[in-house]
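The structure appears right after this line, and notes come after that.
Chains as they are written, first to last, in our numbering: chain Z, 13 to 543; chain C, 33 to 432.
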């Protein structure tokens, strides 16, 4: 059976946050003439459980859709399996699970029982685990939009060894320090590194300009998620990063994980198991440029052929079309799933209560009372984080209003023409009273356009517009600050909104919450009709 | 190679798979020492049990320890296994790992240098994901204990086993409804349980030997075997299990028609045994094979030859041990989880009550400490209390 229309139930991410979501959507879009997208996070937040489910049913009914993709946020247990069972009747259900190495036992398999096909981006061993449960599964590994990853036209490698990612996982910190201690010139980017998080464009640039790009395979330490089993800390994760690096023409040296030989042939990338072999191989490849570049070229061609989302989804759709959807999809749930599911609904219950949306809170309370399994440890953690969030938010508001007072009578330039700046104007109307002479952004396609009648300009023209620059970004504040420092005169004052004091993006989050409260039916902001 | 086997010993005439495995190893390495670890634990209690095993290792310069676990058994202390793993090359064999991998097997397997699984290769991946070397051997038998009986095929269709499971009943009822006469043997059937010898004869006499691949349906505590199925996740109901019965029937020259299970094609090809997925396919194939004697005979002969060659314990262990390099021992990093520890603690209430009712208070205190340290599930505690009260008190009184 062929499918012309599809509904995707997932989370909206822009390329900056996580480009793989968009790559999968692009892949599906390439095979269907009509696709509809529902951001289930936003929709449950905006409409509550019942509202979200009614919306899904309405779209399925009106548009006569018979193919549904669930692209789950990793480890998210909020969707009701009985609702999926209801809409799965006579429809083909495809599911994608990220980080299944961590969440397979507690969450993923309970949803997967309702799938006609599970598409796995990482360790192929889970295909066997799912098949043992009588569930069809394939593992095409991670698929990317290859047009967004381009090899550098000129190879001017100025970084010897680089690593992009969180250094809190697995052995990453230890191995990076070991290389540094042994005199290797290594640059690390991402959470917990001195360079901090970097934009997607910068990531591509780093992959392009590094002689050796490292990749690690450890998962999060399971103390992050109380419900994960310690024993699964033994599992090494087959990551998508080597594919991304290869698509940029970069040379990959990755920690070994069983199955990596299925992703790349041995003469295209290399692997290490211990920090000693890592050091040995780094030294070897730094002094063998010719071999390095030949391997990188072979890896690029392999990745381009096998891991491009459009090519990948062509094969996935061939598989989908060869499978007859199961007539009766059964649901078997264990206490562990119900416990996590109910605990997450408690988070929604608390959120709705705090937002004074009592009818939605009541809906959540009914779910909690229905199952009555709760992880008190996680609820305690959640309440603690909520408390920290509200305390920091108050301080942030106070500090920002002080900054506005300080900048009165000054010529001010705001750096960043994205959603953060739009939200900043929305939350702090006082901002409009300042003498904002320009908004700077390095995206050339925005130059000349206007936000609240203020022109967007190139960063190198900032000195012409003012001496006080406010960085309006949470994720890339550190990176922007370093860039501005290098291009602005010493007399310029750069104001950071977050620094190290704040751990939350109060502007975007707050903005999102306000929108949900005042305009819950702005559903089609989230329900993106992509075509 | 000096080998120590920790296993269960069955009576000589009661052919059990434990005996087959032991026989297979002993045939290759006659100096092998075999200990029934259950009996040893009941006899000595935890401390002396562990001391006795350590003593055997030192006394006999043991190179390899082979632990043939009773399915769902949690007698061993993980820390003790870690000590053993530090001394010798460790091989572990897990039955019913389809069910007990998550609650038990994977925790013990962390101490193994090699895990053997009497199943198809798909399950080895669960171990490999954890960085544990695993090999799928299927069930191995002492093939000399099985005979092709020279007799007429006077039974059309037979099944030897438990018929209380709903899924099996469904298939058998479908056959009855189509007026096929199925001879059923085993607990709860009108023919009742049969001896090993009688079972072999039934396999030889039957034109079609049925086999089912379902796992345990009810999540209950089995008092007879001490197996706590309540610790198995309910979602495992979707699993099918490759049973050794197809091999046993083939070893007696019987034709096998089995319910499909993932990986069965690795065990027998489709020109050796036949499979079915649902009632309609079962009836169709029963009708087809009952009317095709020569095809059935060809297939059963091929299956017989395959079983002799591939599933003979002596031959299989000869290959397995030849490929073992004693110096290739993996680094043991042990993780535990609350649930596993609680299962371990709960299981030891069996020994607690056994020792208590035998008035062996010192041994009972050791068990009490295990339960205190690791936690205990009330239901298992209660089941063991009931079971041991019956075996140690009630039965003894009535015997007297």
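Backbone N, C-alpha and C fix where the C-beta goes; we use that ideal spot for every residue, glycine too.
Return yes when the C-beta of residue 267/C is under 7 angstroms from any heavy atom of the ligand ZN, and no when it is not. This structure simply doesn't include the ligand ZN, nor any ligand for that matter.
Please confirm whether residue 145/Z has its beta-carbon closer than 8 angstroms to some beta-carbon of chain C. Looking up residue 145/Z in the first chain gives position 133. Chain C places a beta carbon closer than 8 angstroms to that of residue 145/Z, counting this residue as a contact.
Verify the CB distance criterion: does residue 125/Z have a CB-CB separation below 8 angstroms to chain C? Translated into the one-based positions of the first chain, residue 125/Z becomes position 113. Yes, contact with chain C.
Residues in the stretch 137-154 of chain C having any Cβ partner in chain Z nearer than 8 angstroms: For the stretch 137-154 of chain C, the set of residues with a beta-carbon nearer than 8 angstroms to any beta-carbon of chain Z comprises 138, 139, 142 and 154, in chain order.
Run through chain Z and tell me which residues come within less than 8 angstroms of residue 375/C, C-beta to C-beta. One-based indexing of the second chain puts residue 375/C at position 343. Within 8 angstroms Cβ-Cβ: nothing; residue 375/C doesn't reach chain Z, min ~13 angstroms.
Return no unless some Cβ of chain C is closer than 8 angstroms to the Cβ of residue 287/Z. For the purposes of this step, residue 287/Z is taken as the residue at position 275 of the first chain. No - not a single Cβ of chain C is within 8 angstroms of the one on residue 287/Z.
Secondary structure, alpha helix (DSSP H): runs of 4+ residues fully inside the stretch 303-357 of chain Z: Taken in chain order, the complete alpha helix (DSSP H) segments of 4 residues or longer contained in the stretch 303-357 of chain Z are 321-334.
Quick check on the burial criterion: 16 or more other C-beta atoms within 10 angstroms. Buried or exposed for residue 184/Z? As a first step, residue 184/Z is located in the first chain; it is residue number 172 there, counting from the start. The residue in question, residue 184/Z, is buried, as its Cβ has 16 or more Cβ neighbours within 10 Å.
Counting only Cβ-Cβ distances shorter than 9 angstroms, please list the residues of the stretch 251-277 of chain C near chain Z, keeping chain order. 265, 266, 267, 268, 269, 270, 271 and 272
From the DSSP output, in three-state form, read off residue 530/Z for me. Counting from one through the first chain, the residue named residue 530/Z turns up at place 518. Bear in mind that the predicted position of residue 530/Z carries a pLDDT of just 38, short of 50, making it too unreliable to give a figure here.
Say whether chain Z places a C-beta atom closer than 8 angstroms to the C-beta of residue 50/C. On the second chain, position 18 is the one that residue 50/C refers to. No, because no Cβ of chain Z sits closer than 8 angstroms to the Cβ of residue 50/C.
If residue 149/Z sits next to residue 332/Z, beta carbons under 8 angstroms apart, how far is it from one beta carbon to the other, in whole angstroms? The residue labelled residue 149/Z in the question sits at position 137 within the first chain. The residue labelled residue 332/Z in the question sits at position 320 within the first chain. With 8 angstroms as the limit, residue 149/Z and residue 332/Z do not qualify as a contact, their Cβ atoms being about 12 angstroms apart.
Quick check on the burial criterion: 16 or more other C-beta atoms within 10 angstroms. Buried or exposed for residue 52/C? Reading the second chain from its first residue, position 20 is the one you call residue 52/C. So residue 52/C ends up on the buried side.
Could you check whether the Cβ of residue 335/Z sits closer than 8 angstroms to any Cβ belonging to chain C? Taking the first chain and counting its residues from 1, one reaches residue 335/Z at position 323. No, no contact with chain C.
In the structure shown, what three-state DSSP assignment does residue 24/Z receive? Your numbering for residue 24/Z matches position 12 in the first chain. Reduced to three states, the DSSP call for residue 24/Z is coil.
8 angstroms Cβ cutoff, residue 199/C in contact with chain Z: Position 167 of the second chain, counting from 1, holds the residue named residue 199/C. No, because no Cβ of chain Z sits closer than 8 angstroms to the Cβ of residue 199/C.
For chain Z, is any of its Cβ atoms less than 8 angstroms away from the one on residue 157/C? Here residue 157/C refers to the residue found at position 125 of the second chain. Chain Z contact via Cβ: present.
Helix, strand or coil at residue 380/C [DSSP, three-state]: For the purposes of this step, residue 380/C is taken as the residue at position 348 of the second chain. Residue 380/C carries a coil assignment under DSSP once its states are collapsed to helix, strand and coil.
Mind checking residue 432/C: buried by the 16 CB within 10 Å criterion, or exposed? Within the second chain, residue 432/C is the residue found at index 400, counting from 1. Around the beta carbon of residue 432/C, fewer than 16 other beta carbons sit within 10 angstroms, so the residue counts as exposed.
Select from 481/Z, 155/Z and 486/Z the residue whose C-alpha is nearest the C-alpha of residue 471/Z. Stepping through the first chain from its first residue, residue 471/Z is reached at position 459. Closest by alpha carbon: 481/Z.
Output needed for residue 195/C: all residues of its chain with C-beta closer than 8 angstroms, excluding positions within five of it in sequence on either side, in chain order. The count along the second chain starts at 1 and reaches residue 195/C at position 163. Correct list, in chain order: 201, 204, 216, 218, 220 and 221.
Straight-line Cα distance separating residue 294/Z from residue 225/Z: As a working note, residue 225/Z is residue 213 in the first chain. As a working note, residue 294/Z is residue 282 in the first chain. Those two C-alpha atoms are separated by around 10 angstroms.
For the stretch 113-126 of chain C and the stretch 74-92 of chain C, state whether three or more C-beta atom pairs, one from each stretch, are separated by less than 8 angstroms. Segments in contact, yes.
When DSSP labels each residue in this structure, what does residue 264/Z get in the three-state scheme? For the purposes of this step, residue 264/Z is taken as the residue at position 252 of the first chain. It is a strand residue.
Can you name, in chain order, every residue of its own chain whose Cβ lies under 8 angstroms from the Cβ of residue 183/C, other than the five neighbours on each side? Translated into the one-based positions of the second chain, residue 183/C becomes position 151. Once the five neighbours on either side are set aside, the close Cβ partners of residue 183/C are 233, 236 and 237.
Interfacial residues, the stretch 268-296 of chain Z to chain C, with Cβ spacing under 8 angstroms: 270
What do you reckon, are the CB atoms on residue 427/Z and residue 494/Z nearer than 8 angstroms? Numbered from its first residue, the first chain carries residue 427/Z at position 415. Numbered from its first residue, the first chain carries residue 494/Z at position 482. Contact flag unset, no.
For residue 99/C, which residues in the same chain have their Cβ closer than 6 angstroms to its Cβ, ignoring the five residues on either side in sequence? Here the question's residue 99/C lines up with position 67 in the second chain. Correct list, in chain order: 38 and 124.
Contact set between residue 367/C and chain Z, taken where Cβ atoms lie within less than 7 angstroms: As a working note, residue 367/C is residue 335 in the second chain. In chain order: 242, 243, 245 and 246.
Using only the alpha-carbon positions, how far apart do residue 284/C and residue 231/C sit? Numbered from its first residue, the second chain carries residue 284/C at position 252. Numbered from its first residue, the second chain carries residue 231/C at position 199. Residue 284/C and residue 231/C: Cα-Cα distance of roughly 9 angstroms.
Comparing alpha-carbon positions, which option in 112/Z, 55/Z, 516/Z and 351/Z lies nearest residue 244/Z? Looking up residue 244/Z in the first chain gives position 232. Among 112/Z, 55/Z, 516/Z and 351/Z, the Cα nearest to that of residue 244/Z is on 112/Z.
Is the CB of residue 15/Z under 8 angstroms away from at least one CB in chain C? As a position in the first chain, residue 15/Z is number 3, starting the count at 1. With 8 angstroms as the cut-off, residue 15/Z does not count as an interface residue toward chain C.
Give me the residue from 366/Z, 356/Z, 517/Z and 437/Z with the minimum Cα distance to residue 89/Z. The sequence position of residue 89/Z within the first chain is 77, counting from 1. Looking from the CA of residue 89/Z, the closest CA among 366/Z, 356/Z, 517/Z and 437/Z belongs to 356/Z.
Check whether the Cβ of residue 346/Z lies closer than 8 angstroms to any Cβ atom in chain C. In the first chain, residue 346/Z corresponds to position 334, counting from 1. Yes, residue 346/Z lies at the interface with chain C (some Cβ there is under 8 angstroms from its Cβ).
Measuring CB to CB, does residue 349/C end up less than 8 angstroms from residue 57/C? If you number the second chain from 1, residue 349/C lands on position 317. If you number the second chain from 1, residue 57/C lands on position 25. For residue 349/C and residue 57/C, yes; Cβs fall inside 8 angstroms.
Counting only beta-carbon atoms, is residue 183/Z nearer than 8 angstroms to chain C? Taking the first residue of the first chain as 1, we reach residue 183/Z at position 171. Not closer than 8 angstroms to any Cβ of chain C, the Cβ of residue 183/Z fails to qualify, so no.
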